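Positions -21 to -1, 1 to 465 (mature numbering (1 follows the signal peptide of the UniProt record, and there is no 0)) are the ones given, in order, by the sequence shown.
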Amino acid sequence: MKKLFIPISAFLLLGSCSVLDKEPLTSIAPSNFFVSAVDAEAALAATYDGLQQKGAYAEVLPLLGNMPTDDCTSLNNDVRNLDVINWNSGTGQIYDAYRDAYVAINRANAVIKYVPGINMPAARRDEIVGEARFVRALSYFNLVRLYGGVPLRLEPSESGDPAAINLPRSTPDQVYAQVIEDLIQAEGLMAAVNPTRATKGAADALLARVYLTQRQWDAAQMAAAKVFTSGGTFSLSPSYNSVFPADNKSESIFEVQFSGNTDGGTFHTLPDLVLPQPPATYSFQKFNIPTTNLLQAADTVNDQRWSFQGRVNAGRNHASYVQGQSRNDNDNDNGPFVYKWRSDPNGFNSPDNSYILRVADVLLMQAEASNELSGPSAGALTPLNRVRQRAGLSALTTSSPAAASKQALRSEIDLQRRLELAFEGERWFDLLRYARHNQAEAGAHKVSALTLIQQFRGTPDPNYLLLPLPLAELDTNTQLQQNPGY
């Protein structure tokens, strides 16, 4: 699918100061910029560009979603603290994620405020505002899951007044309420079909994820089901191998667009973090190394997502997205690596897009919500079996051991999410959900974020379910209080 390019340079010229005042609208007066439909499109493109930043999906968010988990490990000092859950308020990635979320939010706020006043076709104007609301909702959802309550800024930064910039933290409930409101509004404004942009189905899919996080099972089930009645063209790809690399395929509900490091395009560094170096050496970057625990969880005989399918180099087995058999710490070519991103083996200029929401994920959310509401039933088994059978596994029935009870099916759904979405940046967020579910219902999930926290810190300290607020932001905004335990 050809990537969409829109000039955004003028909007990106907005100045820079602190995190919440990342790009105050002072270099270009809003009245001079937001004039035409072209300006509206440029401002929206800049808003999407906020998702392509290093602290967002170009690098850090996938690292935060993968590194602390039981799926991968690292021997690289740059991310080792994330791997062993030994982060602190000075950890660079923790600042990057916080900072760049507000880059996207501030740009979205400007679109939401000023585009409604532009004289342009009303239908497209509404879509632009809806898409900006979606980006704002996604950014705040990432913030609240990672840090808890954060400053809730709904107006663009237009002055250097500290009182207008340095806001206190809102509660998590307040942030979640805003996320839900934005997504409901976005769903009503956006188009049903747009292969490179957020759509009604994307809003519904993200709502399902938000409701699952809050254990609102009925709302999650309805939102997930609505994805397939939103007027979109989403469908499960016929084979798992055809899902990757991401390129606005039928499986895609929303993905961040990258175009490679050419002609001013955007790129992400995830392939360099999960693929070997070029074939001449096949040396590793030692970042996202699949764990033995993950490999042992897979059915490597029947599961096409993990079965070995040939050879790409002497002594190296080739799997759907994990290659190799073992791993040591000296960069020798004998370890497994991820194979979901492969358009450019050289790493730091990948044109591959990043999936944020796709059909298999929504089907598994639908199965999870249905199982929580009514246990093993067609409502849970039908969407789950679509994912299992696409992977080459047999369909489950209520007489199958894996679906004999709500608890058994819960464990099966957890496993399928882990195997289906491995290294797509959601595992840590799932483990956080499971930890909070266990707090409400003891023993609901066998493995949660607290399992990993205990493994690396010696105690299941619930404070580490949240990241610390960045030290640089605490120094700038005296109204903020640090999360407990940091």
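Using N, Cα and C, we set each Cβ at its ideal position, and we do this for glycine too. These numbers were taken from a predicted model, which means no experiment stands behind them.
Contact set for residue i: own chain, Cβ-Cβ below 8 Å, skip 5 residues either direction
{"i": "Ala171", "result": "Thr178, Lys179, Gly180, Ser209, Gly210 and Gly211"}
{"i": "Leu453", "result": "Ser68, Leu459 and Gln461"}
{"i": "Ile97", "result": "Phe13, Val14, Ser15, Ala16, Asp18, Ala19 and Arg104"}
{"i": "Met99", "result": "Ser15, Ala16 and Ala19"}
{"i": "Leu191", "result": "Ala199, Met344, Glu347, Ala348 and Arg412"}
{"i": "Leu445", "result": "Leu125, Tyr126, Gly127 and Asn462"}
Residue i: first and last residue of the uninterrupted alpha helix (DSSP H) it sits in
{"i": "Ile64", "result": "It is not in any alpha helix (DSSP H) - Ile64 carries neither H nor E in the DSSP assignment."}
{"i": "Glu391", "result": "Lys385 to Glu399"}
{"i": "Phe113", "result": "Ala101 to Tyr126"}
{"i": "Gln236", "result": "From DSSP, Gln236 is part of no alpha helix (DSSP H); its letter is neither H nor E."}
{"i": "Ile84", "result": "Gly71 to Tyr93"}
{"i": "Pro446", "result": "Reading off the sequence, residue 446 comes out as Leu, not Pro. Note, Leu446: premise wrong, no alpha helix (DSSP H); not H, not E."}
{"i": "His416", "result": "Arg406 to Ala419"}
{"i": "Lys179", "result": "Lys179 to Thr192"}
{"i": "Asp152", "result": "Pro151 to Leu168"}
{"i": "Ile432", "result": "Ala428 to Arg436"}
{"i": "Gly358", "result": "Ala357 to Arg369"}
{"i": "Gly44", "result": "Val39 to Asn45"}
{"i": "Tyr36", "result": "Segment: none, Tyr36 is in no alpha helix (DSSP H) and carries neither H nor E."}
{"i": "Asp28", "result": "Ala16 to Asp28"}
{"i": "Asp197", "result": "Trp196 to Val206"}
Boundaries of the beta strand (DSSP E) in which residue i is found, first to last residue
{"i": "Arg337", "result": "Ser333 to Arg337"}
Residue(s) in a DSSP beta bridge with residue i
{"i": "Thr52", "result": "Ile268"}
{"i": "Ser231", "result": "Arg337"}
Exposed unless 16 or more other CB atoms sit within 10 angstroms - verdict on residue i
{"i": "Leu133", "result": "exposed"}
{"i": "Phe435", "result": "exposed"}
{"i": "Lys228", "result": "buried"}
{"i": "Glu160", "result": "exposed"}
{"i": "Thr271", "result": "exposed"}
{"i": "Gln368", "result": "exposed"}
{"i": "Glu420", "result": "exposed"}
{"i": "Val380", "result": "In the sequence as displayed, the identity of residue 380 is Pro instead of Val. It is exposed - the Cβ of Pro380 has fewer than 16 other Cβ atoms within 10 Å."}
{"i": "Asp75", "result": "buried"}
{"i": "Gly404", "result": "buried"}
{"i": "Asp28", "result": "buried"}
{"i": "Pro217", "result": "exposed"}
{"i": "Val280", "result": "exposed"}
{"i": "Gly44", "result": "buried"}
{"i": "Thr52", "result": "buried"}
{"i": "Pro447", "result": "buried"}
{"i": "Gln275", "result": "exposed"}
{"i": "Leu109", "result": "Note that residue 109 corresponds to Gly in the displayed sequence, not to Leu. So Gly109 ends up on the buried side."}
Own chain residues within Cβ distance below 6 Å of residue i, not counting five before or after
{"i": "Tyr36", "result": "Leu30, Val235 and Ser333"}
{"i": "Gly464", "result": "Asn442"}
{"i": "Asn456", "result": "Asn145"}
{"i": "Asn311", "result": "With a pLDDT of only 43 at Asn311, under the threshold of 50, the placement of this residue in the model should not be trusted; the figure read from the coordinates follows. Here the set comprises nothing."}
{"i": "Glu77", "result": "Before going on, a small fix: residue 77 reads as Tyr here, not Glu. Here the set comprises Pro449."}
{"i": "Thr26", "result": "Arg86, Ala87, Val90, Ala111 and Val114"}
{"i": "Val206", "result": "Gly180, Asp183, Ala184 and Val341"}
Among the options, the one whose alpha carbon lies nearest that of residue i
{"i": "Ile144", "options": "Thr150, Gln157, Gly167 and Tyr81", "result": "Tyr81"}
{"i": "Leu394", "options": "Pro47, Phe113, Ala182 and Glu347", "result": "Glu347"}
{"i": "Gly71", "options": "Thr455, Leu450 and Asn456", "result": "Leu450"}
{"i": "Pro362", "options": "Leu343, Asp152 and Trp285", "result": "Leu343"}
{"i": "residue 469", "options": "Asp62, Gln200 and Arg103", "result": "Residue numbering for the chain in the displayed model covers -21 to 465; residue 469 lies beyond these limits and cannot be assessed."}
{"i": "Thr150", "options": "Pro41, Leu122, Pro135 and Ala187", "result": "Leu122"}
{"i": "Gln157", "options": "Pro135, Ala184, Tyr119 and Pro141", "result": "Tyr119"}
{"i": "Thr377", "options": "Asp62, Ile232, Phe233 and Gly354", "result": "Gly354"}
{"i": "Arg148", "options": "Val129, Ala276, Val154 and Leu398", "result": "Val129"}
{"i": "Ala89", "options": "Arg115, Ile64 and Ala225", "result": "Arg115"}
{"i": "Asn56", "options": "Pro135, Trp66 and Pro447", "result": "Trp66"}
Any non-hydrogen atom of the ligand PLP within 8 Å of residue i CB
{"i": "Asp197", "result": "For the ligand PLP, the structure offers nothing, since it holds no ligand at all."}
Same chain, Cβ closer than 7 Å to residue i, five either side skipped, listed in chain order
{"i": "Ala182", "result": "Phe113, Leu162, Ala165, Glu166 and Met169"}
{"i": "Gln32", "result": "Asp79 and Val82"}
{"i": "Glu106", "result": "Leu168, Met169 and Ala170"}
Residue-level contact to chain B via CB, residue i, 9 Å cutoff
{"i": "Val114", "result": "Protein chains in the displayed structure number just one, and chain B is not present."}
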